Amino acid sequence: MNVFKKNVFGYIKKLAPQKQKKRAIGQELRKIFVQSPGKFIWDSMALATQAKSFESNHLLGNSKLNQLGLHRFRVQLAANMAARRRAKLSKLIHPTDVESFRNNGFILRENFLAADEFEQLKKELFTTPLETRETLQGDTVTRRMALDAKSLNILPITQKFLHSDEWKNLLNYVASFKVQPICYLQVIFSHVRKAKTDPQTNLHSDTFHSSAKTWLFLEDVAEDEGPFIYVPGSHHLSPERLAWEQQKSETMTAKTDAMTRRGSFRVSEEEVLQLGYAKAKSFSVKANTLVIADTYGFHARGKSLRPSMRIELWAYARRNPFVPWLGGDPLSLPFLRSNLVPLYWSGLDFLEKKYQRNNPWKKVGKKCATDPAVLTSK
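Just so we're aligned, residue 39 is where the sequence shown starts under this note's numbering, counting upward by one.
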């Protein structure tokens with residue numbers, strides 16, 4: 039936090055050297071404060087966290103402050119701090135994995151597990167009914183099955199995998215922290231109904247800073263059946279990317295697409311090439327392939343040409359990018375670590391019941407991974 043404050047105050051001095059600009063900043067901050075003092079204080083504190091929504095945070099979404107470099111500064115500082123943390127974590131993984139990540143923004147390992155161990159893991163995950171939720175986006179259902187302490191008690195092979203040093207060290211390096219990931223068995227059902235295309239098929243960055251997602255694919259993934267897609271090298275904060283981030287933050291309006299307004303910037307294939315990145319790579323892979331990607335890089339779910347099902351052991355990890363140390367993830371506290379998914383789901387249920395906030399993750403009971411999708415209509 040001290041590193042953030044030191045950089046913030048140092049940057050503010052450089053932010054608006056002219057009196058006119060300083061006056062404009064002061065006037066804008068006073069205007070926001072007068073409108074809602076409590077929210078101003080809350081939003082100000084959120085600047086030193088992973089807060090990303092231009093809609094819900096009046097400071098992050100203020101075009102004048104972003105013209106003066108607020109968003110640009112947060113992006114740049116987060117990238118610098120992630121690089122410093124990764125330098126410390128690089129010694130825990132193989133140099134070829136470090137090189138692969140530096141070049142591409144992801145680590146790909148084929149035949150990650152021994153063949154017999156993988157078959158045992160797959161059989162365990164495919165045949166064990168687990169508490170399941172589903173969400174429907176466009177024509178696609180995403181199913182997630184909790185891999186919490188209760189589930190792992192009956193999934194010993196899965197538990198061994200999730201506790202393995204090799205997997206954790208790779209995930210930590212990409213995430214740039216020693217993280218406590220949130221883990222699921224995930225199934226993607228494509229073309230479950232006639233509707234708009236799944237919004238996850240649009241290239242996007244999850245947030246303004248590095249975070250990690252990982253997939254251990256449990257079946258072969260065909261090129262035309264919704265593979266994971268990633269733009270190699272787009273995790274790099276190039277001058278062109280930083281200027282693009284700046285432009286996006288300055289021009290945010292109510293007409294901007296909803297996901298971008300919430301801080302997950304959408305990007306077109308043409309923009310990707312204009313930014314100097316390579317064409318997106320499609321991960322049509324064999325079963326037992328591990329992929330861990332920095333989702334600051336542009337990525338998407340590939341379009342499927344037919345009804346299909348993609349099954350994977352999936353996890354993600356995201357922390358406050360302005361924390362300089364590696365460990366101390368609050369989610370690793372014993373009670374939280376054992377119940378991350380149930381607590382998250384219960385929180386969504388509570389908000390829906392108490393405040394009528396729609397919970398997109400609907401209960402569908404205990405299911406096996408290969409059972410047909412339940413939530414095929416709204």
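Note that the Cβ used here is the ideal one computed from N, Cα and C, for glycine as well. Here the structure is a predicted model, which is why all the values come from computation and not from measurement.
Local conformation of residue i per DSSP, three classes
i: threonine 414; result: coil
i: methionine 347; result: strand
i: tyrosine 393; result: helix
i: glutamate 257; result: coil
i: threonine 417; result: As displayed, the chain neither begins before 39 nor continues past 416, which places residue 417 out of reach and without an answer.
i: glutamate 148; result: coil
i: arginine 231; result: coil
i: valine 113; result: helix
i: methionine 183; result: strand
i: isoleucine 192; result: coil
i: phenylalanine 156; result: helix
i: arginine 124; result: helix
i: valine 225; result: strand
i: threonine 170; result: strand
i: tryptophan 18; result: There is no way to answer for residue 18, as the model of the chain reaches only from 39 to 416.
i: glutamate 263; result: strand
i: alanine 89; result: coil
i: lysine 216; result: coil
i: phenylalanine 47; result: Confidence is the limiting factor: at phenylalanine 47 the pLDDT is only 49, short of 50, which leaves the residue's position unreliable, though a coordinate-based value still follows. Residue state, collapsed to three classes: helix.
Closest Cα partner of residue i within the set the options
i: aspartate 236; options: Gly264, Phe215 and Ser248; result: Gly264
i: leucine 328; options: Lys206, Phe388 and Val113; result: Lys206
i: tryptophan 399; options: Val305, His247 and Thr170; result: Thr170
i: aspartate 262; options: Ser276, Phe321, His109 and Ala281; result: Phe321
i: phenylalanine 164; options: Asn377, Asn396, Ala355 and Arg348; result: Arg348
i: arginine 112; options: Lys160, Lys188, Ala213 and His247; result: His247
i: phenylalanine 92; options: Lys57, Ser287, Thr134 and Leu343; result: Ser287
i: cysteine 406; options: Leu185, Pro368, Thr178 and Ser138; result: Leu185
i: alanine 62; options: Gln73, Pro270, Ser82 and Gln105; result: Gln105
i: glycine 314; options: Gln284, Glu350, Val323 and Pro277; result: Pro277
i: threonine 196; options: Glu350, Trp80 and Ile226; result: Glu350
i: proline 359; options: Asn100, Lys57, Asn118 and Gly107; result: Asn118
i: proline 167; options: Phe156, Arg181, Gly176 and Ser342; result: Arg181
i: valine 323; options: Trp253, Tyr354 and Val305; result: Trp253
Residues near residue i in its chain [Cβ-Cβ closer than 6 Å; skip 5 each side]
i: aspartate 244; result: Ser302 and Thr333
i: isoleucine 70; result: Phe78 and His96
i: phenylalanine 227; result: Val179, Met347 and Ala411
i: arginine 375; result: Gln218
N- and C-terminal bounds of the alpha helix (DSSP H) containing residue i
i: aspartate 244; result: Careful: aspartate 244 lies outside any alpha helix (DSSP H) and carries neither H nor E.
i: valine 212; result: 203–213
i: valine 402; result: Here valine 402 belongs to no alpha helix (DSSP H); instead the beta strand (DSSP E) covers 400–405.
i: alanine 62; result: 57–73
i: glutamine 105; result: 101–105
Bounding residues of the beta strand (DSSP E) (the contiguous stretch that carries residue i)
i: aspartate 177; result: Counting along the chain, aspartate 177 falls outside any beta strand (DSSP E), and DSSP gives it neither H nor E.
i: threonine 327; result: 327–332
i: arginine 375; result: It is not in any beta strand (DSSP E) - arginine 375 instead sits in the alpha helix (DSSP H) that spans 372–376.
i: alanine 338; result: 337–339
Sequence-distant residues of the same chain with beta carbon closer than 7 Å to residue i, five excluded per side
i: asparagine 149; result: Asn326
i: asparagine 377; result: Asp186 and Ala187
i: aspartate 387; result: Asn397
Own chain, CB closer than 8 Å to residue i, minus 5 neighbours either side, in chain order
i: asparagine 396; result: Glu390
| said: Quick check on the DSSP output: what are the complete beta strand (DSSP E) runs of length 3 or more inside the region 285–324, in order along the chain? | reply: DSSP assignment within the region 285–324 yields the following whole beta strand (DSSP E) runs of 3 residues or more, N-terminal first: 319–321.
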